[in-house]
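**Student:**
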Amino acid sequence: MMECRQVEVQDREVQQEKSKFAKGKIQRSRYEKSKFEKNRSENMVFNTGAALLDAIVLAVVSKDIEGTYGYKITQDVRGAIEVSESTLYPVLRRLQKEECLEVYDLAIDGRNRRYYKITEKGRVQLNLYKGEWAGYSEKISRIFEEADR
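Residue 11 in UniProt numbering sits at position 11 of the sequence shown, with consecutive numbering throughout.
1. Can you name the start and end residues of the beta strand (DSSP E) that isoleucine 81 belongs to?
2. Since arginine 114 sits in a beta bridge, which residues does DSSP pair it with?
3. Among Tyr71, Ala59 and Ala50, whose alpha-carbon lies nearest the alpha-carbon of asparagine 112?
4. To the nearest angstrom, report how far apart glutamate 132 and glycine 110 are at their CA atoms.
5. Find the nearest neighbour of glutamate 85 within the set Ile118, Thr119, Phe144 and Val57, judged by alpha-carbon distance.
6. How many Å lie between cysteine 100 and asparagine 47 at the Cα?
7. Based on Cα-Cα distance, which residue from Ala134, Lys63, Glu120 and Gly67 lies nearest to isoleucine 105?
Rendered as structure tokens:
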């Protein structure tokens, strides 16, 4: 089973931006700062753990039998959570190293495009995540429903 370490994607990105701004590397007007904070508040407020990100990536990759390429994976993952490419590509490399994904290159319009395909080990891991998620989300939903009463 993969290690579950906390990846606080949005908070880390916000802290990096705030750090750059504080160090004077980014000069922003008041309008840009308020826009930054507004966009932050429109994003999901829950932190995304590594296991959840792995599960989403494996689910996205498993949709196509022949595999899919990095940019499309990024776009599909962003349909569920906000994630940067700089966060996603290390996840893809780690899942490859853990033998959950296999990689191959395919020439498209004269350029190589890297494709990721789920392995049998990756399918087993995805099924484990799906089972865990079903129980987890049911418990959380029940708590939220009880809070409305």
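From the three backbone atoms N, C-alpha and C, an ideal C-beta is built for every residue, glycine too.
**Tutor:** Reading it off the structure:
1. Residue 81 sits at position 81 when you count from the first residue of the sequence shown. It is not in any beta strand (DSSP E) - isoleucine 81 carries neither H nor E in the DSSP assignment.
2. One-based indexing of the sequence shown puts residue 114 at position 114. Per the DSSP secondary-structure output, arginine 114 pairs in a beta bridge with Asp105.
3. On the sequence shown, position 112 is the one that residue 112 refers to. Nearest option by C-alpha distance: Tyr71.
4. What you label residue 132 is simply residue 132 of the sequence shown in a count that begins at 1. What you label residue 110 is simply residue 110 of the sequence shown in a count that begins at 1. Taking the Cα positions, glutamate 132 is about 42 Å away from glycine 110.
5. Along the sequence shown, read from residue 1 onward, the residue named residue 85 stands at position 85. Residue Val57 is the option with its Cα nearest to glutamate 85.
6. Translated into positions along the sequence shown, residue 100 becomes position 100. Translated into positions along the sequence shown, residue 47 becomes position 47. Going by the C-alpha atoms only, they are around 24 Å apart.
7. On the sequence shown, position 105 is the one that residue 105 refers to. A quick correction: the sequence has aspartate, not isoleucine, at residue 105. Measuring C-alpha to C-alpha distances from aspartate 105 to each of Ala134, Lys63, Glu120 and Gly67 identifies Gly67 as the nearest.
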